[in-house]
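So the structure is just underneath, and the comments pick up after that.
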Amino acid sequence: MFEKVNSKVVKVDVGQAGGVVARTGAMLFYQGQIAFAPHQIPGAGPGMGGGGLMRMAGAMMAGEHERTMLARGNGVVHYGFAGLEVHVVQMQQGAVLRAEASRLLANTAGLQASVVSVASSGGGGGGGGLMGALRGAAAGVATGQGMFTTQLSGQGSAVLLAHGGFLELQVGGPNPVVVDPQAFVAAYGNVQTELKAAMSWRDAVGRGAGEAMQLHCHGQGVVYVQASEEKL
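Be aware that the sequence shown starts at 1021, since it is given in my numbering, and climbs by one per residue.
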C-alpha cells in the first residue's frame, strides 16, 4: 500500500490503506481530506498499574517509543524522516515484523501492534515476564538496542528507516545470521533473536560495546540491517 517515491520518501492512499500510523514529524505533505490525531501503541504508555517495577517498565516503554499520529480520510500522504533511507515491507498473514521504534516510519492502521521486550523476542535467556524484560535492559543499553521493540502482525504494510541503505539477509538453515546490534533494523517472518557476548564483560568495559555483543538470528525469515552503526 505504501509506494516509494524515491529512496527517502513514500506515499500512501490513506483511504485505501484504511488509515496510517506514522511517527510524529514524518508527514511531509498531503492532498485530499485527511485528519490527523495522536495515537499510542498498546502497552507503550507510562500508565501501567501495579508496583514500582511495573511503573518503571511503563516509563521505559514510553521513553523508547516514538510518538505516533493516526491519519484517516481520503487522500494521499507523503512520508519521510530526516533524509533517511526507506524500505517497504509487505506483511503477510502469520508473519511478524519486529523493529526498533526509532526505525519504524509508518504502518497501515489495520496491523496489530504491540510492544515486546528484548528478552521475550528471542531465546536469549532473559527470562519471561516483567523481570525478564528488566533483566534485558543491561543488554539493550550495552548494545545500543532499546529495551523494548515494536511488533507488528496481520495483513498490511510497514515502512522502515535506515542510515546508508538496507541489507536484506535471509535467515534459515542450521547456522544463525550474526548481526552487530547497532546495525540491526528489523526482523520479519518467524525469526528469533538472541543477544550473546562475544567476549567477556571484563574485556568490554571501557571500550564501548561494539562487537562485544552480537545478535544471533535464527528461524525462517529476513533480517534487515542498515549500512551503518549510527543510531536514529
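Here a beta-carbon is modelled for each residue, glycine too, at the ideal position from N, C-alpha and C.
The structure presented is a predicted model; accordingly, all values stated were derived computationally and were not measured.
Rounded separation between residue i and residue j - CA only
i            : j            : result
residue 1240 : residue 1192 : 5 angstroms
residue 1247 : residue 1237 : 18 angstroms
residue 1037 : residue 1131 : 11 angstroms
residue 1095 : residue 1049 : 11 angstroms
residue 1204 : residue 1056 : 30 angstroms
residue 1054 : residue 1128 : 15 angstroms
residue 1028 : residue 1051 : 19 angstroms
residue 1202 : residue 1175 : 28 angstroms
Expected contact under 8 angstroms - CB spacing of residue i and residue j to nearest Å
i            : j            : result
residue 1183 : residue 1120 : Not a contact, Cβ separation roughly 13 angstroms.
residue 1245 : residue 1211 : Not quite, the Cβ-Cβ distance comes to about 13 angstroms (not below 8 angstroms), so this is no contact.
residue 1116 : residue 1173 : 5 angstroms
Neighbourhood of residue i by C-beta, 6 angstroms cutoff - its chain only, sequence neighbours within 5 removed
i            : result
residue 1088 : 1041, 1043 and 1059
residue 1035 : 1094
Buried or exposed by the 16-neighbour rule on C-beta atoms within 10 Å, applied to residue i
i            : result
residue 1091 : buried
residue 1102 : exposed
residue 1105 : buried
residue 1026 : exposed
residue 992  : Residue numbering for the chain in the displayed model covers 1021 to 1252; residue 992 lies beyond these limits and cannot be assessed.
Residues near residue i by beta carbon distance below 8 angstroms, same chain, minus five either side
i            : result
residue 1126 : 1022, 1030, 1032, 1040, 1041, 1042, 1043, 1046, 1099, 1178 and 1179
residue 976  : In the structure as shown, the chain starts at 1021 and stops at 1252, and residue 976 therefore has no counterpart that could be examined.
DSSP-derived helix/strand/coil call for residue i
i            : result
residue 1087 : coil
residue 1173 : strand
residue 1192 : coil
residue 1148 : Here residue 1148 scores only 45 on pLDDT, less than 50, and its place in the model should not be relied on; the value that follows carries that caveat. In the structure shown, residue 1148 sits in coil (DSSP, three-state: anything other than H, G, I, E or B).
residue 1113 : coil
Own chain partners of residue i with C-beta closer than 7 angstroms, once the 5 adjacent residues on each side are dropped
i            : result
residue 1108 : 1022, 1024, 1030, 1177 and 1179
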